[in-house]
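Before any comments, here is the structure.
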Amino acid sequence: MAILKTPPDNLKQDKKKKEGVFRRAVNLTLDQFLERTPIHGCKQIRDQRANIFQKAYWIFIICTSTLCACALLATFLIRYKSNPVRINILTNFGQISELEFPAVTFCNPNFIANSMVDGLIKSLETFNEKNEEYNNVTAEDLNKRVKYLAGFTNPIETFDPKDLVDLYNVLNDNRFDVKLTMRKLLYPCSKLLVKCRWEGQIVDCKELFQPSETYQGYCCSFNVIKPLRARTPERRNITAKKTHFFGPNMGLSVVLKPLIEKNAMTSINSEGIKILINEHNLFPSEKTIERSLPHKQETYVEIRPERTISSKEISALPISDRGCVFEDEFPLRVFGSYSEKNCRVECKMRKIVDLCDCLPYFYYNTENIETCDVTKLPCVIKNREHLVKVRRPENNTDDDCVCPVQCDTTDYRIRMSSTDIIPEMSNTINFDPFHANLTDQHMIVHVYFVSSFYRIFIRILTTNFISLISQLGGVYSLLIGMSVLSLIECIYFPTVRLYLNYKKIKFDDTQPKNYSQRLDKVTISSLNVPRLDTAKSDISDISSFRIHSVKHY
């Protein structure tokens, strides 16, 4: 049986025919689009009276305007993605009663005083009046070596590792670890804090202050709320203090008597005391507000709080877009709820444990990690300056600490002023009992809110979806006169309309050439209409009859 094959010439003709149909459909669709679209300049391109140069000019104008509109669109999108959030002032009249009073910590700069070291040595069982030497270590040698413990919080350049081993042996034989030793060396809060006043009422300082851990070692703190796992049973249900009062007499006022010794291990080269101010739930770290208070003076510390909150639209954004986290989105192992400063502290703790296999005594130890003893001091000193490199999440590496920015924060701005204390005036007629019985060894500190109002900032979207669409609509309408309906037309004509035109032209081309003529004949015969030549003869007869009648008349 023979197989019929289509000749190659016929295939080429069919291909050319299809290409011709498609080209005609494209031309027809383009002509319809240019005629009906409201986009500026398109009608000038279709104008039959315009020459080639005019049409080229309008094509150039339309292309340039479209490119400019796309460039502005890209600019809007880049700005929206790179910085979708801005901070505005919500109000200047937030009530201070809504805020927790900041945590206030006093640290004696003479953190290892000679008198405290002497008291420690006397408390050791191996050193007493009859035995002033133990394992070839005299009391004088021990006095020098105990001061090496300051290296946990302050840099020490020179030390003998053998001396550290001797110190460890002496402390260990007397059942003293580093934590207990440093508590013995702490200048007691009961001696440092002479008199306290809160909200205008004189209060026992023991009710307000407790020894606490800080990056400077053990200090005396007010309103510091430790993580739940780090609290003692009697302080498990304690809450942060608030106040609706403001002014120097209605905040926190303290009379202090710092321990000043010339030959003590100190962090400053002047007389005075350090004050740390931070949020109540933060660990007093290097990032805390820190100032030195002058001795024998009365210092006023004004606090101006500022709070930043976030709108609901911000919380709906992914973390990568808003660039910050909420406290329940990034929980911490030690501190629980997230804060950026506590995250840095926790990272530093983790790095120390990784490098030295122990945790320094002044950190919250909630996981029963071994506390660094004296022999681990060289490791802590060596790695202190390179413990943590805090980076943003998008730039972190395996060795970095990831601490995102916090969305909701409370910040404190402080301003200080001081004046000399004149002790003689306290012994005269004084209507304020808080200033009574002052000596030249005392100093006074007032920490207070400066106003009953505070400023609140709010994080909001720089551009939401509606405003972004409005901006885009304005740009495209300005440059090329384009709207949403115009965009729909730009999609409709190259797709649906082109397809319909192609099908119509293809259908018309497949019909016989005399199809319309035969259709006319069928229609005329069905209506019993006479043929055209018959109608012409009838018309000529009528005309001749009219002419003949006129002549005869």
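Heads up: the sequence shown at position 125 corresponds to 125 in UniProt numbering, and the numbers run straight through without jumps. For each residue, glycine too, the CB sits at the ideal point set by N, CA and C.
- Put simply, the region 176-183 does not touch the region 234-251. Fewer than three CB pairs are less than 8 Å apart.
- Contiguous alpha helix (DSSP H) elements confined to the region 430-502 occur at 465-480, 484-492, taking only those with 4 or more residues.
- For LYS348, the uninterrupted alpha helix (DSSP H) run begins and ends at 340-356, by DSSP.
- If you look at ASN249, you'll find it isn't in any beta strand (DSSP E); DSSP assigns it neither H nor E.
- Nearest in C-alpha terms to ARG307, of all of ILE456, SER315, ASN278, is ILE456.
- Excluding sequence positions up to five before and after GLU302, its CB lies within less than 6 Å of the CB of ARG415, VAL450, all in the same chain and listed in chain order.
- GLU98 and LYS341 have their C-alpha atoms spaced approximately 22 Å apart.
- Positions of the alpha helix (DSSP H) runs, each at least 4 residues long and wholly inside the region 30-94, are given as 42-46, 52-82 in order along the chain.
- The C-alpha of VAL170 is placed about 36 Å away from the C-alpha of LEU208.
- For GLU302, the uninterrupted beta strand (DSSP E) run begins and ends at 297-310, by DSSP.
- Rounded to the nearest angstrom, the gap between the Cα atoms of VAL146 and LEU185 is 10 Å.
- Residue state for TYR168 is assigned as helix, using DSSP reduced to three classes.
- Across the set TYR57, ARG36, ASN143, ALA69, the C-alpha of ALA69 shows the shortest separation from the C-alpha of LEU472.
- The Cβ neighbour count for ILE422, taken over all protein chains shown within 10 Å, is under 16; the residue is labelled exposed.
- Looking at GLY94, PHE434, SER452, the one whose alpha-carbon comes closest to that of GLY200 is PHE434.
- Secondary structure of ASN108 (DSSP, three-state): coil.
- Distances from the alpha-carbon of THR91 to those of ARG459, THR232, GLN441, VAL85 put ARG459 closest.
- By the neighbour-count definition (other C-beta atoms within 10 Å, threshold 16), LYS226 is a buried residue.
- Taking all protein chains shown into account, GLN216 has 16 or more neighbouring C-beta atoms within 10 Å of its C-beta and is therefore buried.
- In this structure, TYR364 sits away from CYS372, with a CB-CB distance that is not shorter than 8 Å.
- In this structure, the beta-carbon distance from CYS407 to VAL345 does not fall below 8 Å.
- PRO305 places its beta carbon less than 8 Å from that of TYR454.
- Of all C-beta pairs linking the region 188-197 to the region 250-261, three or more are shorter than 8 Å, placing the two stretches in contact.
- Secondary structure at LYS274: strand, using DSSP grouped into helix, strand and coil.
- Ranked by Cα distance from GLU424, the first of HIS442, THR409, SER418, TYR412 is HIS442.
- Per DSSP, the continuous beta strand (DSSP E) segment holding VAL203 begins and ends at 201-203.
- Residue state for ALA103 is assigned as strand, using DSSP reduced to three classes.
- Counted as a single uninterrupted DSSP element, the alpha helix (DSSP H) harbouring ASP141 occupies residues 139-146.
- Distances from the CA of GLY323 to each of TYR168, VAL85, ARG46, ASN51 were compared; the closest alpha carbon is that of VAL85.
- Burial is judged here by how many other beta carbons sit within 10 angstroms of a residue's own beta carbon; GLY251 has at least 16 and is buried.
- In the three-state reduction of the DSSP assignment, VAL405 falls in the coil class, being assigned neither a helical nor a strand state.
- In the structure shown, LYS241 adopts coil according to DSSP, grouped into three states.
- Cβ-Cβ distances below 7 Å link SER486 to THR37, PRO38, ILE39 in the same chain, with the five nearest sequence neighbours on each side left out; the list follows chain order.
- ALA139 is the residue among ALA139, MET116, LEU282, GLU271 whose C-alpha sits nearest the C-alpha of GLU125.
- Looking at the DSSP output, PHE222 sits in a beta bridge with VAL104, PHE209.
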